[in-house]
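The next block holds one structure in the form of structure tokens; read it before the comments.
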Ligand code: NAD
Ligand code: USQ
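In UniProt numbering, the protein residues as written are 1 to 398.
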């Protein structure tokens, strides 16, 4: 039986992934330090859905007749010795690495958050790679990276899967062919850490022959998966606050709560999107199709489609009757950009992704309605400003 350790397995993507793999017959373990739950307390924010404690979640899963999922409370960035013990005890064939601070706005708020994001994310990734080398383990590392490492410069070049084949004219006049990592242009401290992760992966795959897959994922939407729907205590978290809520989920919540849909700037930003159900499928496909020892890092774009933010707002508004508001953009990002993302890796493995059909919103809208009493309006505004020169935004309703 293939065993998989899910690092960050209490989080939004990690929890449904752990359940999906367990349901598919993998031997699964979870490691997490609950930093995400603590950040909720720091921000005075909450998941709209009432998430059970991890021990309640795990016992509900066991009661449904699935296997036991062992849990290791460990800070990957700080507890290196404990990480070694966990890896020695669990002996995973694959590790899925979600355990990083993942909010771009949170990473930009102040010096403390910037330093925390860099120290946490870089050390967590580096500790994992060093530990596998120290233990001489041939564990396949599947990491969740992001499309945003490349920046959004408005280029019409379809985003390749990690590498760029280039011809360089040398000083001797000859032409040299190289395959290089696609250059990064991160738009936040958080995205910068994901760019730095890429270099660590390149080094350890080359130097230590670690087998690594880096999944460049787009913005995730939706809440539930086939497995999290099976019991109330398995419900996934639903972030909607200005730091951790992602754009489409925020718009859906705002529509139900009678809050205008907060489009930043002109809403001309184009991003890649994927449903949480496809996130878990992609991770299983990546585990089932590992690179060989000595291969370069395998990089897949984990994106179903690209959409412009204002088009998403219009889609949600026409479906729900919500008002659209254009607010000053708190971020330092291109106002308008084109984006095409190749996803040949997963489509060749048979992924047939969920696209943004309106009926797919039905469940999210129902969940928001169901838990509306837990809504804290004060947390909805995006307050994190990217540069010293910005001022808090004003709202113009359409
Ligand atoms: P999340 O914050 O909900 O989950 C991350 C989990 O990791 C949390 O449970 C947290 O407690 C844990 N964690 C963080 N640092 C840790 C540490 N040092 N030691 C142990 N545990 C630690 O985030 P998510 O939305 O599930 O995202 C997971 C990964 O997927 C992230 O790396 C993120 O960059 C990537 N990703 C997410 C999205 C998205 O839209 N949610 C999109 C693209 C990529
Ligand atoms: N936006 C709005 N209104 C809002 C919230 C966001 O217009 O109320 C805009 C943002 O300005 C941005 C776009 O929507 O242009 C996406 O913002 P987001 O908060 O949904 O996503 P982002 O900050 O990019 O981060 C999320 C996850 C992160 C992941 C990333 C994938 O939090 O972990 O890496 O999506 S990607 O965007 O491909 O880099």
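Here a beta-carbon is modelled for each residue, glycine too, at the ideal position from N, C-alpha and C.
Model, not experiment: these values are computed from the prediction.
Beta-carbon contacts of residue i that lie in its chain and below 6 angstroms, excluding the five residues immediately before and after
i           : result
residue 2   : 26 and 93
residue 249 : 221
residue 59  : none
residue 320 : 255
residue 343 : 301 and 303
residue 176 : 168 and 170
residue 72  : 31 and 86
residue 14  : 6, 8 and 98
residue 151 : 185 and 187
residue 12  : 237
residue 164 : 180 and 182
residue 310 : 263 and 267
residue 208 : 133
Residue i - partner residues in DSSP beta bridges
i           : result
residue 5   : 29 and 95
residue 221 : 275
residue 268 : 336
residue 324 : 261
residue 301 : 216
residue 400 : No answer is possible for residue 400: it lies beyond the span of the chain, which begins at 1 and ends at 398.
residue 165 : 179
7 angstroms Cβ shell around residue i - same chain, five flanking residues per side excluded
i           : result
residue 77  : 119, 120, 123, 124 and 127
residue 107 : 101, 113, 114, 117, 188, 189 and 190
residue 231 : 60 and 64
residue 74  : 31, 33, 82, 83 and 86
Supposed close pair residue i, residue j - CB separation, criterion 8 angstroms
i           : j           : result
residue 345 : residue 85  : Rounded, the Cβ-Cβ distance is 34 angstroms, inconsistent with contact.
residue 267 : residue 218 : Incorrect: roughly 17 angstroms between the Cβ atoms, too far for contact.
residue 242 : residue 105 : 6 angstroms
residue 287 : residue 140 : 7 angstroms
residue 138 : residue 390 : Actually they are not in contact, since the Cβ atoms of residue 138 and residue 390 sit about 48 angstroms apart, beyond 8 angstroms.
residue 145 : residue 194 : 5 angstroms
Spatial neighbours of residue i in its chain, beta-carbon cut-off 8 angstroms, leaving aside the 5 residues before and after
i           : result
residue 67  : 22, 27 and 28
residue 410 : Summary: the structure shown does not reach residue 410, with the chain confined to residues 1 through 398, and so no result is reported for it.
- With contact counted as at least three CB pairs below 8 angstroms, one residue from each stretch, are the region 49 to 66 and the region 244 to 259 in contact? no
- Item | Stretch pair the region 31 to 48 + the region 147 to 157: three plus CB contacts closer than 8 angstroms | no
- Task: Determine, using beta-carbon pairs with one atom in the region 230 to 240 and one in the region 45 to 59, whether at least three such pairs fall under 8 angstroms.
- Result: yes
- Within the chosen definition, does the region 288 to 301 reach the region 209 to 225 through at least 3 CB pairs nearer than 8 angstroms? yes
- Take every Cβ of the region 333 to 343, pair it with every Cβ of the region 194 to 207, and state whether three or more of those distances are shorter than 8 angstroms. no
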